[in-house]
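Novice:
Protein chains: 2
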Amino acid sequence: MFDVKKEVEGIVEFIRDYYEKNHLKGVVIGISGGKDSGVVAALFSKALGKENVVGVTMPCHTPDSCRDDAKLVAEKYGFELINVDLTAAFDAFKEDFSKIGSVDPANLKNSDINLKPRLRMATNYYVAAYYSALKGGTYLVAGTSNKSELFVGYFTKGGDSTYDIGVLNDFNVEEVIRIGEYLEVPEKVLYKTPNDDLSSMTDEDKLGVKYSEIAAYMNGENVEDKARERIEKLHAGAAHKFHIPVYRRCA
Amino acid sequence: MFDVKKEVEGIVEFIRDYYEKNHLKGVVIGISGGKDSGVVAALFSKALGKENVVGVTMPCHTPDSCRDDAKLVAEKYGFELINVDLTAAFDAFKEDFSKIGSVDPANLKNSDINLKPRLRMATNYYVAAYYSALKGGTYLVAGTSNKSELFVGYFTKGGDSTYDIGVLNDFNVEEVIRIGEYLEVPEKVLYKTPNDDLSSMTDEDKLGVKYSEIAAYMNGENVEDKARERIEKLHAGAAHKFHIPVYRRCA
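Chain order of the listed sequences is A and B. The first sequence finishes on residue 251 if you use the working numbering, and the numbering steps up by one all the way, no holes. The second sequence finishes on residue 1251 if you use the working numbering, and the numbering steps up by one all the way, no holes.
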């Protein structure tokens, strides 16, 4: 049985223990304005105190208004929110790349989609190293992956899947929302339809299956054949993101 | 006993098997001009054929001459070598970041050092997705990590440690050189003193211990106290790069 109070206390203790044992100071969280990063920010603010939390918004060819929901979260919990607009870096990268010769933009669709989360990962770590130097103590990068996304491989290798500490990895989307309700994450953030800001589609459109169906499947409940097949296909197709093949010597 | 012929055959078979089973096409390898990427390029050229190998040089505030050794490798094995100069992207990123306010450059030393391998990782994947679209078959990103570097954690999380397939992970530096000799990697590349191109120090200077000592330690041989202590400290300090702490639910 999912006991939201017990889990929140467990997470807070888990964070505090790890920080104490490893003599760490703060955390950097990329704040998208969606529920996962909102809930992670709420949890770390509770565990470490708002003064040790740095949120980062990282627009990239996105209007300024997209940061409004991130600001709601930062104001609610009182932590510092900085903005690193990656538009110029993204464009400069594409310009650098274009020098390899004649490139058909149609062949760059997947390249571009996944470049953004990788630049955001690099930014989170850049900010964390900067704050570690500035504040004289180690800042970690927090992950915002939840169990549902992980199960179907809905993340970018070297992007949103690269972080130093994860707290939502064992909770499905519905449970993340329950945690968010308990911690009073702003409703606009918590109940927003998730989209990846990469492809202008919602997560569920892109996955071809509903999060509620993924949760039901993971819980061993019955789901429609079509959904089950899709989930199993996604899960199998994601195996390469978890198990990197490595050659082992003969002797 | 290390049997170089047997290991090379083993690696080639390992690569071919994985590619056949997963219906993959090609590989992207970041070519630094050092031995690890040279040996990896030699192995993949042998396993997949030079026509399915793409090498990438990624200078970043580095003179053009730094690409000469990478060109030696590409010419030796006949694969395509493209150049993505990341200087403009790196500078644009720093400019984007500077807008957070007054930043003392002294506090950006570690940020800058690790940004480069992360941009290179992102570039490898950008190139791989592009070639996958261009050639109509999946290109993987090859890792160039060796056992010695891995043991002491000499890599950047989300940088050179993020890849799709690894072939040198189980060989120490000396064995990598033996494999390189067997595959006739150009001597200038194979015997170059390794440095990270990030901090203008050699790897061994930066590590504070010699690769030969790390190999001896890993082989259970005697090493001087000072070296042993340093190796054990590095190894323990690297644990967080391998084991990401993740909260597990109560029930």
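We treat Cβ as the ideally placed atom computed from N, Cα and C, and that holds for glycine.
1. Would you list the residues sitting across from Y1139(B) in a DSSP beta bridge?
2. Find out if the Cβ-Cβ distance for the pair F1151(B), M1218(B) is shorter than 7 angstroms.
3. Expressed to the nearest angstrom, what Euclidean distance is found between the alpha-carbon atoms of Y1125(B) and V141(A)?
4. With a cut-off of 8 angstroms on the beta carbons, I'd call D1096(B) and A88(A) a contact; round off their distance for me.
5. If we define contact as Cβ-Cβ less than 7 angstroms, is Y182(A) a contact residue for chain B?
6. Tell me the DSSP bridge mates of G10(A)?
7. Is there at least one Cβ from chain A nearer than 7 angstroms to P1063(B)'s Cβ?
8. Residues in the same chain with beta-carbon distance under 7 angstroms from G1166(B), minus the five sequence neighbours each way, listed in chain order, please.
9. Report whether the distance from the Cβ of E1080(B) to the nearest heavy atom of the ligand MN is below 6 angstroms.
10. For C250(A), which residues in chain B fall below 8 angstroms Cβ to Cβ?
11. Distance cutoff 7 angstroms, beta carbons only. Does G1158(B) sit that close to anything in chain A?
12. Going by DSSP in three states, N219(A) sits in which element: helix, strand or coil?
13. Please say whether V1027(B) and F1014(B) have beta carbons closer to each other than 7 angstroms?
14. State whether the stretch 99-119 of chain A contacts the stretch 1099-1111 of chain B, with contact taken as three or more CB pairs (one from each stretch) at a distance under 8 angstroms.
15. Just to confirm before moving on: does the CB-CB distance between V1054(B) and E1020(B) stay below 7 angstroms?
16. At least one CB of chain B closer than 7 angstroms to the CB of L266(A): is that the case?
17. Using a Cβ-Cβ distance under 7 angstroms, would G136(A) count as near chain B?
18. Which bits of chain B does E95(A) rub up against, with CB to CB less than 7 angstroms?
19. Out of L119(A), L72(A) and G158(A), state which residue places its alpha-carbon closest to the alpha-carbon of F1090(B).
20. Whether or not the stretch 67-74 of chain A and the stretch 178-189 of chain A are in contact is what I'm after, with contact meaning three or more pairs of Cβ atoms, one per stretch, closer than 8 angstroms; do they touch?
21. At a CB-CB cut-off below 7 angstroms, which residues of chain A make contact with F1014(B)?
22. Just how far apart, CA to CA, sit G237(A) and V246(A)?
23. Opposite G1166(B) in the DSSP bridges: which residues?
24. Are the beta-carbon atoms of V1008(B) and V1056(B) separated by less than 7 angstroms?
25. Could you check if F242(A) is buried or exposed, using at least 16 other CB atoms within 10 Å of its CB as the buried criterion?
Specialist: In terms of the structure at hand:
1. Answer is G1026(B), bridged to Y1139(B).
2. In this structure, M1218(B) lies closer than 7 angstroms to F1151(B) by Cβ.
3. Those two C-alpha atoms are separated by around 22 angstroms.
4. A Cβ-Cβ distance of about 5 angstroms is found for the pair D1096(B) and A88(A), placing them in contact under the 8 angstroms criterion.
5. Output row for Y182(A): interface = no.
6. As DSSP reads the structure, G10(A) sits in no beta bridge.
7. With 7 angstroms as the cut-off, P1063(B) does not count as an interface residue toward chain A.
8. Correct list, in chain order: G1143 and S1145.
9. No copy of the ligand MN appears in this structure; indeed no ligand is present at all.
10. Chain B residues near C250(A): D1003, K1006, E1007 and G1010.
11. Chain A contact via Cβ: present.
12. Under the three-state reduction of DSSP, N219(A) is assigned to coil, being neither helix nor strand.
13. No, they are not a contact pair.
14. No: the two stretches stay apart, fewer than three of their Cβ pairs being nearer than 8 angstroms.
15. When the beta-carbon positions are compared, V1054(B) and E1020(B) stay at least 7 angstroms from each other.
16. A question about residue 266(A) goes unanswered here, because the residues of chain A that appear run from 1 up to 251.
17. No, its Cβ sits nowhere closer than 7 angstroms to a Cβ of chain B.
18. Within chain B, the residues near E95(A) are A1088.
19. Each of L119(A), L72(A) and G158(A) was checked against the Cα of F1090(B), and the nearest Cα belongs to L119(A).
20. A contact exists between the stretch 178-189 of chain A and the stretch 67-74 of chain A.
21. Those are Y247, listed as they occur along chain A.
22. Linking G237(A) to V246(A) through their CA atoms gives a straight-line distance of about 18 angstroms.
23. Per DSSP, V246(A).
24. Against a cut-off of 7 angstroms, the Cβ pair of V1056(B) and V1008(B) comes out as no contact.
25. Only exposed fits F242(A), as fewer than 16 other CB atoms lie within 10 angstroms of its CB.
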